[in-house]
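Numbering (our numbering), first residue to last: 111 to 442.
Structural data, given as structure tokens:
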């Protein structure tokens, strides 16, 4: 029987490896001095993610990595706490803590830089240093505040409008600001709201008044710019908008706050979200958005999905869905 040189070399390598394995480990060292283990570097997560969509370039930026209590009762207050926790266990997630994304998104259309939502800033839901990172993360992501042409607001909650003002001044000095007319008119008036809603409204007024003359107002189906169209998504707030972003036949849906947890919100769209102004309409909007994303196989940017907050929706039963995190689909 003849053997190739490859067979012989493979046998030599195997025998050498086995021989080395039999030698006491101390004889294989290059010195007698022990070396200490490397210092711990600490946990780290990416702070921005960029991808192409046709001729557009999109960048999501992390505004916080905070863990918060939940998802119950923030999500599922109309359900049994045990059922919410069982859903977490079934999906290998902690029962009482979760890490939502807070993901402002920049769309470079080739003509404009459009920033969708501005994060927590200095007076949003997640206080610094745990949130409000957009201002410091713009540079590492490749942008300057003065380069932003349009600040587009999905709605008026503090974790979306908080980053408009930095150090008492508008962070984006050259931008114009776009928001739904219904949304603006809900939050802007003095003395209209009470309780938590008034607390949110006070942040809205504080951050919108300094740039009031730069605001313009839209309604569902309006084009913000060519390739970014507003979509009705009320319920979370009265004028909450989603946005369809399209370029060269490719689309992605920025659904804002249509979901607050990547499992609970999608698996049970009828579970209430404590932040929804209209709980029933919020649930109806979730069902509609999830059905559209699943049926049309749309890529999605979900502001509160785990960073980089990009994924797809799979229907697993009638009115029940699953979030499929992006892996490489948009990198092609």
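Even glycine gets a Cβ: it sits at the ideal position worked out from N, Cα and C.
Inset, instruction - Look at the alpha carbon of residue 403 and the alpha carbon of residue 309, and state the distance between them as a whole number of angstroms. - result: 33 Å
Inset, instruction - Please confirm whether residue 212 and residue 194 have their CB atoms less than 8 Å apart. - result: no
Inset, instruction - Indicate whether residue 349 and residue 293 have their beta-carbon atoms separated by less than 8 Å. - result: yes
Inset, instruction - Compare the C-beta of residue 436 against all C-beta atoms of chain B and say whether one is closer than 8 Å. - result: Among the protein chains of the structure shown there is no chain B, as only one such chain exists.
Legend entry - Whole-angstrom C-beta distance between residue 314 and residue 298, which should lie under 8 Å: 7 Å
Inset, instruction - Look at the Cβ atom of residue 419, then the Cβ atom of residue 166, and state whether they are nearer than 8 Å. - result: no
Legend entry - Selection from 238, 229, 422 that minimises the alpha carbon distance to residue 216: 229
Legend entry - Reduced DSSP secondary structure (H/G/I, E/B, other) of residue 228: Assignment of residue 228 by DSSP, reduced to helix, strand and coil, places it in the coil class.
Inset, instruction - With a 10 Å radius around its C-beta and 16 neighbouring C-beta atoms as the bar for buried, classify residue 396 as buried or exposed. - result: buried
Legend entry - C-alpha gap between residue 286 and residue 164, whole angstroms: CA-CA distance, residue 286 to residue 164, rounds to 25 Å.
Inset, instruction - Under 6 Å Cβ to Cβ from residue 170, same chain only, skipping five residues before and after it: list those, please. - result: 159, 213, 215, 418, 419
Inset, instruction - Please check the pair residue 378 and residue 147, which I expect to be a contact at CB under 8 Å, by giving their CB distance rounded to whole angstroms. - result: Actually they are not in contact, since the Cβ atoms of residue 378 and residue 147 sit about 45 Å apart, beyond 8 Å.
Inset, instruction - For the alpha helix (DSSP H) holding residue 198, just list the boundary residues, first then last. - result: 191-200
Legend entry - Spatially closest choice to residue 232 from 244, 320, 226, 223, by CA coordinates: 244
Legend entry - CB contact flag (residue 373, residue 201, <8 Å): yes
Legend entry - Among 205, 300, 303, 270, the one whose alpha carbon lies nearest that of residue 288: 270
Legend entry - Sequence-distant residues of its chain with Cβ nearer than 7 Å to residue 341 (five each side left out): Beyond the five residues adjoining it in sequence on each side, residue 341 comes within less than 7 Å, by CB distance, of 330, 351, 352, 353, 354 in the same chain, given in chain order.
Legend entry - Rounded Cβ spacing between residue 375 and residue 185 (contact assumed at less than 8 Å): Contact flag correct, Cβ pair sits at about 6 Å.
Inset, instruction - Using 10 angstroms around the beta-carbon of residue 153, count the other beta-carbons present and answer buried if the total reaches 16, otherwise exposed. - result: exposed
Inset, instruction - Use the C-beta contact count for residue 262: other C-beta atoms within 10 angstroms, 16 or more gives buried, fewer gives exposed. - result: buried
Inset, instruction - Specify the secondary structure class of residue 170 as computed by DSSP and reduced to three states. - result: strand
Inset, instruction - Could you tell me the distance, in whole angstroms, from the CA atom of residue 382 to the CA atom of residue 393? - result: 7 Å
Legend entry - Span of the beta strand (DSSP E) around residue 425: 420-427
Legend entry - Member of 274, 416, 265 whose CA lies at the smallest distance from the CA of residue 256: 274
Inset, instruction - Count the other CB atoms, across all protein chains shown, that sit within 10 Å of the CB of residue 208; report buried if there are 16 or more and exposed otherwise. - result: buried
Legend entry - Given residue 324 as reference, the closest of 204, 425, 284 once Cα atoms are compared: Nearest C-alpha to residue 324: 284.
Inset, instruction - Please state whether DSSP places residue 434 in a helix, a strand or coil. - result: strand
Inset, instruction - Inspect the beta-carbon positions of residue 424 and residue 440 and report whether they are closer than 8 Å. - result: The answer is no: Cβ separation not under 8 Å.
Legend entry - Identity of the residue in 359, 389, 332 nearest residue 344 by Cα: 389
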